[in-house]
Each structure stands twice: as structure tokens, then as C-alpha cells.
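Every number in our numbering is 227 more than the matching position in the sequence shown, counting from 1. Glycine residues also receive a C-beta, built at the ideal position from the N, C-alpha and C atoms.
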Amino acid sequence: MPLDLEEQEQLAELKAWWRDQGGKVAALVLAIAVGFAGWQGWRWYQFNQSIYAAALYDTVSKAAQANDGKALRDASGTLVESYPRTLYASMGALVAARYYFEHNDLKSAKAQLQWVLERSPSDDFRDLARLRLASVLLDEKAYDEALKLVAAPHAPAYEAQYAALKGDILVMKNQAAEAKAAYKLALEKADKREGAFQESVRMRLEALGG
228 MPLDLEEQEQ LAELKAWWRD QGGKVAALVL AIAVGFAGWQ GWRWYQFNQS
278 IYAAALYDTV SKAAQANDGK ALRDASGTLV ESYPRTLYAS MGALVAARYY
328 FEHNDLKSAK AQLQWVLERS PSDDFRDLAR LRLASVLLDE KAYDEALKLV
378 AAPHAPAYEA QYAALKGDIL VMKNQAAEAK AAYKLALEKA DKREGAFQES
428 VRMRLEALGG
């Protein structure tokens, strides 16, 4: 059916607009398509990273349980080097740090904990690493360095553990009054379900005559 005059004018306007703006529209559509594909590709990349990192973390955990130091060192090294932005890297470093500490390799334990403290994307893991690093420094008799770590800002969930460790450090510095105050704070902040932790702190406090 032939177009009437008004329809012909509208069609002519549309053709003219497309001649002027069609390239921009096509470019916009292409940009959106590329952006969407890129976003999907990034999600797929992150998913793959998590899969590989999870497998390495499993290797680290099993190596620690099997007391296989070489396998643990190799897997944890690859994990933090190749997948540092994943939480599995932080978890693997914490497992490795515990293994090294239990085997009296304090230098390696500190290196793993320092990595978590500096590189982990998780505040929770950084708080935990700081606490454990302070414990290693206490074992090394580096009391002032350990005190600086437990004095750093941390999540309320760790308040009791930080206070208890501060008490332990102050005891070793022969600062009994300050140690008792720290232990009392630890008991005050402790989760009531942590009976064993509370009993341990209470015994330390009583040993100071508190």
C-alpha cells in the first residue's frame, strides 16, 4: 500500500537521522556488547582463579596434616604468587604460618603472616595475622614490637584475644598491674561461649594475684 504524504515525510526524516546518527548508534551498541562480553569474561576469569586457588589451598592443608614441609612450601608459594587477590591465598599463608611456627621455623612463619598483613583483601584475616605475628614476636622475646601490633586497630570480635595477648606480653615485661588490666579486659570482652579461653585467662589473672 503506498505511503501517504505524512508517512513519507516521517520515513525521510528517519533516513536522514540514521545517516547523521547511525554510526554513533552502531558504535554505542558495539561498546555495550563489548563491555558486556568483557564483564562476563572477567567473571569467568575470577571464577577460574578461585577454582585453581582452592585446589592449591587444599594441597597446602593436606601437606600440613601430612607433615610434608616441601609440598606445603611449594603449594603455598605458588598460591600467594599466582593468586594473591583470592582469600584462599590468605588462608593458605595462615596455614603455612602455623605449620612453620609448630616446627620452630619462626622466620618463615613471620614471613607468611607479614604477607597476609600486607596483602590480604580481608580485614578479618589481617586482624588474625597481626595477632599471630605478635604471638611469634612474643616467643622471640621481641616484646616492644609485639605490643605495637596488639595496640593496632582491630575488629571488636578480636578484642578479647588481643587483650589477652597484651597481658601475656606485659607479664614478660614485668608490668604486672598493666597485665592484670589487660586480662580483665579480655574476660570482659570474651564471648561467653568460649569457656576454655575464659578459664585460661582467669588462671593467668589469678597467678598475678588478680
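Residue i (DSSP reduced to helix, strand or coil)
i: Ala-264; result: For Ala-264, the predicted structure reports a pLDDT of 47, less than 50, and the residue's modelled location is therefore unreliable. The matter cannot be settled from this model.
i: Pro-311; result: coil
i: Gly-319; result: helix
i: Met-228; result: Unreliable placement is indicated for Met-228, whose pLDDT of 45 sits below 50; no coordinate value is reported for it.
i: Leu-435; result: coil
i: Ser-347; result: coil
i: Glu-426; result: helix
i: Ala-302; result: helix
i: Lys-334; result: helix
Within 8 Å, strictly: CB atoms of residue i and residue j
i: Gln-402; j: Leu-358; result: no
i: Ala-413; j: Ala-382; result: no
i: Val-343; j: Ala-320; result: yes
i: Val-287; j: Ser-303; result: yes
i: Tyr-284; j: Tyr-327; result: no
i: Lys-400; j: Val-377; result: no
i: Asp-332; j: Leu-365; result: no
i: Val-322; j: Ala-369; result: no
i: Ala-280; j: Thr-313; result: yes
i: Leu-432; j: Lys-411; result: yes
i: Gln-380; j: Arg-346; result: Reading off the sequence, residue 380 comes out as Pro, not Gln. Contact: no.
Alpha-carbon to alpha-carbon, residue j and residue i
i: Phe-424; j: Glu-386; result: 13 Å
i: Asp-354; j: Asp-418; result: 17 Å
i: Asp-295; j: Lys-289; result: 8 Å
i: Ala-298; j: Thr-305; result: 11 Å
i: Gln-341; j: Ser-277; result: 22 Å
Residue i: first and last residue of the uninterrupted alpha helix (DSSP H) it sits in
i: Ala-197; result: It is not possible to answer for residue 197, since the shown part of the chain is limited to 228 through 437.
i: Glu-386; result: 386-399
i: Ala-406; result: 403-416
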